[in-house]
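>
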Amino acid sequence: MKGPLFYSKILLFGEYGIIKDSKGLSIPYNFYNGALKVDENPSEEAIESNRRLRLFADYLQTLQIEKPSLVQFDMEDLYKDIDRGMYFDSSIPQGYGVGSSGALVAAIYDEYAVEKITVLENLTREKLLKLKSIFGEMESFFHGKSSGLDPLNSYLSIPILINSKDNIEPAGIPSQTQNGKGAVFLLDSGSVGETAPMVNIFMENMKQEPFRKMLKDQFVKHTDACVDDFLQGDVKSLFGNIKKLSHVVLDNFKPMIPAQFHKLWQKGIETNEYYLKLCGSGGGGYILGFTEDIDKARKSLKDYRLEVVYNF
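Numbering (the working numbering), first residue to last: 5 to 316.
(1) If I'm right that E274 touches A301 with Cβ under 8 Å, what's the distance once you round it to whole angstroms?
(2) So within the segment 183-270, which uninterrupted alpha helix (DSSP H) runs reach at least 4 residues, ignoring any that extend past its ends?
(3) Flag this pair as touching only if the segment 134-149 and the segment 46-54 have three or more C-beta atom pairs under 8 Å; answer yes or no.
(4) Excluding the five sequence neighbours on either side, which residues of its own chain have a C-beta within less than 7 Å of the C-beta of E19, listed in chain order?
(5) Do the CB positions of Y116 and D81 come within less than 8 Å of each other?
(6) Please return the same chain residues whose Cβ sits closer than 8 Å to the Cβ of E173, not counting the five positions on each side in sequence.
(7) Taking a contact to mean a Cβ-Cβ separation below 8 Å, would you say L191 touches I291 in this structure?
(8) Can you check whether the CB of A110 is closer than 8 Å to the CB of S12?
(9) Spatial neighbours of V118 within its chain, please: CB distance less than 7 Å, with the 5 preceding and 5 following residues excluded, ordered by chain position.
(10) Would the beta-carbon of S195 fall within 8 Å of that of P97?
(11) Across the segment 176-188 and the segment 235-242, are there enough close Cβ pairs to call them in contact, namely three or more that are closer than 8 Å?
(12) On the DSSP bridge list, what partners appear for A117?
(13) Buried or exposed: where does S170 fall if 16 or more other Cβ atoms within 10 Å of its Cβ makes it buried?
(14) Taking K24 as the reference, give the member of K134, K225, G186 and S30 with the closest Cα.
(15) May I ask you to report which of helix, strand or coil DSSP gives E44?
(16) Less than 6 Å between C-beta atoms, sequence neighbours within five positions excluded: which residues of the same chain meet that for H147?
(17) By the three-class DSSP mapping on this structure, what secondary structure does I164 have?
(18) Measuring straight from C-alpha to C-alpha, what distance separates D43 and L305?
(19) To the nearest angstrom, report how far apart K185 and D297 are at their CA atoms.
(20) Who are the Cβ neighbours of Q222 in its own chain at under 6 Å, not counting the five residues just before and after it?
(21) Going by other Cβ atoms of all chains shown within 10 Å of its Cβ, with 16 needed for buried, is P72 buried or exposed?
(22) Smallest Cα separation from L15: which of E208, F92, I31 and L64?
(23) For T122, which of L160, A229, K217 and S105 has the nearest alpha-carbon?
Dropping the structure here:
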């Protein structure tokens, strides 16, 4: 048995902000993927993944009893496959902000949900929101409160524009310029980030009035501007707004940025060779970078692993 592939995702804009109704833009990232699988001779990783799948299945069993109108699964089939040794075979790095649990949630929903909403039907806003809320509840098993956006992106494999909590739509993003010098890239921090503790720090900060004000007046404002610029292909304005956003994140989200990257972050803002921002909840994993000249950025960041995900 081998199920269909589900891809990783990158939230280009909107981390933390979407909790407070900023815009967001999420794109599939096909470099990493995962699928449900059964092997004759499972590896240790497969056995561990199978063990975690059983815990996840127990959680889903409870979920469908508590929220029967939200979603139902063919639990008999799911447990049968888990007994046969099913696991999630994934190349998506965990704790890197590229949606490892999202792809797993999408795969389980696709295979076992009863009366599932499929990718082939007309995806109205109602259906997208229903999927998002189902995925949010499912993914909460992995790291506390979830927006459901990662699994949604993985499931649909299309860019998604978040206008607000109750308003999401498929987005047409400008096609890539193959030889463009501008680029969005991932920078490997070399350490794993845990989502739940980072979200907890954010929620604690949200109790402070100055932090809430900064979020609304600066963070959300610059995030929304970046989303608009990116979708319209206004590169000049985009880099102006990313620089502001990078600055706000460095000043106000320090715990989410691994300490050894504080200086590198600052250097990008000062030299304009690149701008860094959080990729997912931060704390480790990948850092997202934007540059108008990828050769300059590569030179400046030569000591780090850098993966280009999009060219302007």
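Each residue gets a CB set at the ideal place from its N, CA and C atoms; glycine is no exception.
The answer reads as follows:
(1) Rounded, the Cβ-Cβ distance is 14 Å, inconsistent with contact.
(2) Complete alpha helix (DSSP H) runs here, min 4: 199-209, 213-218, 225-236 and 239-256.
(3) In short, these stretches do not touch, since the Cβ pair count stays below three.
(4) The beta carbon of E19 is closer than 7 Å to those of L282, G284 and S285 in its chain, skipping five residues each way along the sequence.
(5) Cβ atoms of Y116 and D81: closer than 8 Å.
(6) A distance below 8 Å between beta-carbons, with the five flanking residues on each side excluded, links E173 to the following residues of its chain, in chain order: R129, L132, I164, L165 and N167.
(7) If you check the CB distance, L191 and I291 come in under 8 Å.
(8) The Cβ-Cβ distance between S12 and A110 does not fall below 8 Å.
(9) In its chain, beyond the 5 residues on either side, Q76, F77 and D78 have a beta carbon closer than 7 Å to the beta carbon of V118.
(10) Contact flag unset, no.
(11) Three or more Cβ pairs drawn from the segment 176-188 and the segment 235-242 lie within less than 8 Å of each other, which places the two stretches in contact.
(12) DSSP lists F77 as the beta-bridge partner residues of A117.
(13) The sequence given here places Asp at residue 170; Ser does not occur at that position. If you draw a 10 Å sphere on the C-beta of D170, you find fewer than 16 other C-beta atoms in it, and that means exposed.
(14) The shortest C-alpha separation from K24 is found at K225.
(15) For E44, the three-state secondary structure derived from DSSP is coil.
(16) So the qualifying residues of the chain are T199 and A200.
(17) DSSP places I164 within a strand segment (E or B) once states are collapsed to three.
(18) Each residue's alpha carbon lies about 41 Å from the other.
(19) Distance between the alpha carbons of K185 and D297 is about 5 Å.
(20) V252, listed in sequence order.
(21) Flag for P72 reads exposed.
(22) The candidate whose alpha carbon is nearest that of L15 is I31.
(23) Looking at the Cα atoms, L160 is the closest of the given residues.
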